[in-house]
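See structure below.
Residue numbers (this note's numbering): 33 to 281.
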């Protein structure tokens, strides 16, 4: 599947509440999903994706193995690898850009996402010195997320940064809108549409931008987003699991 996603920096709680009100007015049948907290751990990308594929394959169904293999075989540029804990479930995620934007933050990306079942106690055993940046003030992670991280660390990947956020999610037909309270970024909205054919990407982008204009949401420019992302990656330990916010123009 391909993910078309555009971000809008809201900044304050007041602007987030205004957007929720406009969404309810614009979409009478708007469906609100259960709010939840997320932990997202980003990893530096290995140049040999087969290393990542080999480490994760034992935990995937046959269908998911084929899906991941196809993406790895056809990826044209960089990828973003991450693990996630949300709503009691643990995921492994790979995103690759299909445009000129980055794989971490780009508007148009091919996406692989899979729920990982509870991992055996001895899976991913590695020297604990590989598990960097431990901080008692950071959010407590589940055993499965810790073990999944260790599997990737043991395969030669390393942490790029750890992110935390509170998420409210809304569904309006084929479009999904999320309003996040991110450590570091503050309030951020994401407008997303999943498509099955890369040729539909331009139309989906136009559709999302038109909706954002109607709702009064400005797109967060990719250049600024990349500067924010780089700043957070350098200072993430100061923000992960907190309500602290920075401003990078």
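Where a beta carbon is used, it is the ideal one built from N, C-alpha and C, also for glycine.
Counted within 10 angstroms of its Cβ, other Cβ atoms place residue i as buried (16 or more) or exposed
i	result
residue 167	At residue 167, the pLDDT of 49 sits below 50, so the modelled position is not reliable; the number obtained from the coordinates is stated separately. So residue 167 ends up on the exposed side.
residue 199	buried
residue 115	buried
residue 248	exposed
residue 205	exposed
residue 314	For residue 314 there is no data in the structure shown, the boundaries of the chain being 33 and 281.
residue 181	buried
residue 106	exposed
residue 45	exposed
residue 80	exposed
Those residues which DSSP pairs with residue i across a bridge
i	result
residue 195	72
residue 115	73 and 124
residue 220	41 and 212
residue 130	The partner list for residue 130 (beta bridge, DSSP) is empty, contrary to what the question assumes.
residue 35	141 and 226
CA-to-CA distance, residue j to residue i, given in whole angstroms
i	j	result
residue 92	residue 120	18 angstroms
residue 62	residue 239	17 angstroms
residue 280	residue 48	19 angstroms
residue 149	residue 233	32 angstroms
residue 69	residue 125	17 angstroms
residue 98	residue 88	12 angstroms
residue 190	residue 268	14 angstroms
residue 250	residue 241	9 angstroms
Continuous beta strand (DSSP E) stretch holding residue i: start and end
i	result
residue 232	Neither: residue 232 is in no beta strand (DSSP E) and is coded neither H nor E.
residue 144	140-147
Range of the contiguous alpha helix (DSSP H) that encloses residue i
i	result
residue 84	81-88
residue 99	94-106
residue 266	254-267
8 angstroms Cβ cutoff met for residue i and residue j
i	j	result
residue 127	residue 111	yes
residue 34	residue 227	yes
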